[in-house]
Amino acid sequence: MNFPMEDSKTDLLKLAYVDRAWLPRCRFRLIEEFCTDLSFDSHESLSTFRDLTTAGICSLLSHHYRSLTIALAPEGLPSSRGPESSPWAFLEAITVVDSVTVNLGSVVSHPYSSTFPWKKLASWNTLTGVTFGGTLPSLATVALVITALPQLQELDIDATYLDDSIPEAKGSLSSHFVSFSLGSRGYALFSWLASLDDTGLYLGNVMLNVGWGDVSPLHAFTSRHSDAINSLTITLSRDRVTDLVPALKNLRDLSDVEFYLNYHSAQGHSQCIQSLASSLASASPETLTVYMPELPDGLMGAMRLQRLAKASMTFTAGPGWLHVRFNVIC
Numbered sequence: 002m003n004f005p006m007e008d009s010k011t012d013l014l015k016l017a018y019v020d021r022a023w024l025p026r027c028r029f030r031l032i033e034e035f036c037t038d039l040s041f042d043s044h045e046s047l048s049t050f051r052d053l054t055t056a057g058i059c060s061l062l063s064h065h066y067r068s069l070t071i072a073l074a075p076e077g078l079p080s081s082r083g084p085e086s087s088p089w090a091f092l093e094a095i096t097v098v099d100s101v102t103v104n105l106g107s108v109v110s111h112p113y114s115s116t117f118p119w120k121k122l123a124s125w126n127t128l129t130g131v132t133f134g135g136t137l138p139s140l141a142t143v144a145l146v147i148t149a150l151p152q153l154q155e156l157d158i159d160a161t162y163l164d165d166s167i168p169e170a171k172g173s174l175s176s177h178f179v180s181f182s183l184g185s186r187g188y189a190l191f192s193w194l195a196s197l198d199d200t201g202l203y204l205g206n207v208m209l210n211v212g213w214g215d216v217s218p219l220h221a222f223t224s225r226h227s228d229a230i231n232s233l234t235i236t237l238s239r240d241r242v243t244d245l246v247p248a249l250k251n252l253r254d255l256s257d258v259e260f261y262l263n264y265h266s267a268q269g270h271s272q273c274i275q276s277l278a279s280s281l282a283s284a285s286p287e288t289l290t291v292y293m294p295e296l297p298d299g300l301m302g303a304m305r306l307q308r309l310a311k312a313s314m315t316f317t318a319g320p321g322w323l324h325v326r327f328n329v330i331c
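Sequential numbering from 2 applies to the sequence shown in the numbering used here.
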């Protein structure tokens, strides 16, 4: 193949014309395919993005994003209270359509937290996933956001609240809920959920971490909404079985139950297993799975606990169809 030794003026003009014609489409495809997720893990990344949005020279900024993740480490935040400390203005100009994760750490008095526009999240009414961590201004903040999202499917919260007073019971949750996850703190949320109208309230698959915190709000919730949970996973970092039993006894129509016993007991786990299993009698789960530390008597011990659990769950239809299994936490 022979190539021309010199570029012709005509060819160069044609190429320039093609480039200009394709530029808008290239820009559109870049935004659509590669600039759909915003993620900030530091003050520097927020400052950089803020500078881009105010410079007016970046053509790859969009007004619509698939996801937004803000997870700031407290030690990386500036001490200034000037304009540098309020980088959230860009949130007013964008729309996030799928999922939002916000964790501002525990520096609640810092302008990064105090000026965060929580109400803006409530306006993104196509969101299907919300994750909150760290310290939140109030329980009412959570209520405001999640009752404004009709398409919400997944809610994950591991947070404490500066103000955990129960907000007014108004609004309702999305009817599309698939999963709800709650960390070892912030169980006051269940008190608010318990106050909502019980017509159609459904959380789907519920995952709970239980530590030292007060779990009595869970009892209030299951008393009011006994059929709101389809499957239940509870991770215990210490023996809180006695505190959980009242809440578990209220549940109805569970399909699957999992317990992760992440602690050792000098007295063994027989009493714990018996209490947990018997409290689920009314829920009639199809499967019960228990994950626990390695037992001194190994497989024989697991089989013994398996028989104990099955015998403790008294069903009107008989326990023959219940599948119980024990697994060792590695």
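C-beta: ideal position from N, C-alpha, C; glycine also.
Residue i at chain C interface by Cβ criterion, 8 Å
i: S283; result: This model lacks chain C altogether, as it is built from one protein chain only.
Secondary structure of residue i, DSSP reduced to three states
i: P84; result: The pLDDT assigned to P84 is 48, lower than 50, so where the model puts this residue is not dependable; a value taken from the coordinates is nonetheless given after this. Helix at P84.
i: R225; result: helix
i: P155; result: One detail in the question is off: residue 155 reads as Glu in this sequence, not Pro. Here E155 sits in strand by DSSP.
i: L150; result: coil
i: R326; result: strand
i: F133; result: strand
i: F191; result: helix
i: P138; result: strand
i: L128; result: coil
i: L174; result: coil
i: L289; result: strand
Residue from the options whose Cα sits closest to the Cα of residue i
i: L145; options: L122, S166 and T127; result: L122
i: G201; options: A229, V207 and G214; result: A229
i: A312; options: D42, A74, W193 and S271; result: S271
i: S173; options: L194, S180 and V246; result: L194
i: N210; options: A160, L252 and S175; result: A160
i: S196; options: S217, W213, H226 and M208; result: H226
i: Y264; options: A248, V242 and S285; result: V242
i: S224; options: G134, S283 and R51; result: S283
i: T127; options: N206, L92, S175 and E169; result: S175
i: M314; options: V216, G205, G134 and P286; result: P286
i: R253; options: A267, Y261, F222 and S238; result: F222
i: S43; options: I71, L306 and A310; result: I71
i: I95; options: R51, L105 and L137; result: R51
i: S139; options: G106, E155, A278 and I167; result: I167
Unbroken alpha helix (DSSP H) run spanning residue i, endpoints
i: S313; result: G299 to S313
i: D257; result: Per DSSP, D257 belongs to no alpha helix (DSSP H); it is in the beta strand (DSSP E), D257 to L262.
i: I95; result: First-last for I95: undefined, no H or E at that position.
i: I167; result: Taken as a continuous stretch (DSSP letters only), I167 belongs to no alpha helix (DSSP H), as it is neither H nor E.
i: L122; result: W119 to A123
Residue i, buried or exposed, once every other Cβ within 10 Å from all chains shown has been counted against 16
i: P118; result: exposed
i: M301; result: exposed
i: H64; result: exposed
i: H324; result: exposed
i: P84; result: Low confidence applies to P84: its pLDDT is 48, below 50, so where it sits in the model is not reliable enough to give any reading.
i: L163; result: exposed
beta-carbon residue i near the ligand GTP non-hydrogen atom, thresh 7 Å
i: L140; result: By its list of ligands, the structure shown contains no ligand whatsoever, and the ligand GTP lies outside what it can speak to.
Start-to-end residues for the beta strand (DSSP E) that takes in residue i
i: A72; result: H65 to A72
i: S40; result: D38 to F41
i: S182; result: S180 to L183
i: S280; result: Taken as a continuous stretch (DSSP letters only), S280 belongs to no beta strand (DSSP E), being part of the alpha helix (DSSP H) at S271 to S280.
i: L1; result: Residue 1 is absent from the model: the chain starts at 2 and stops at 331.
i: T236; result: I230 to L237
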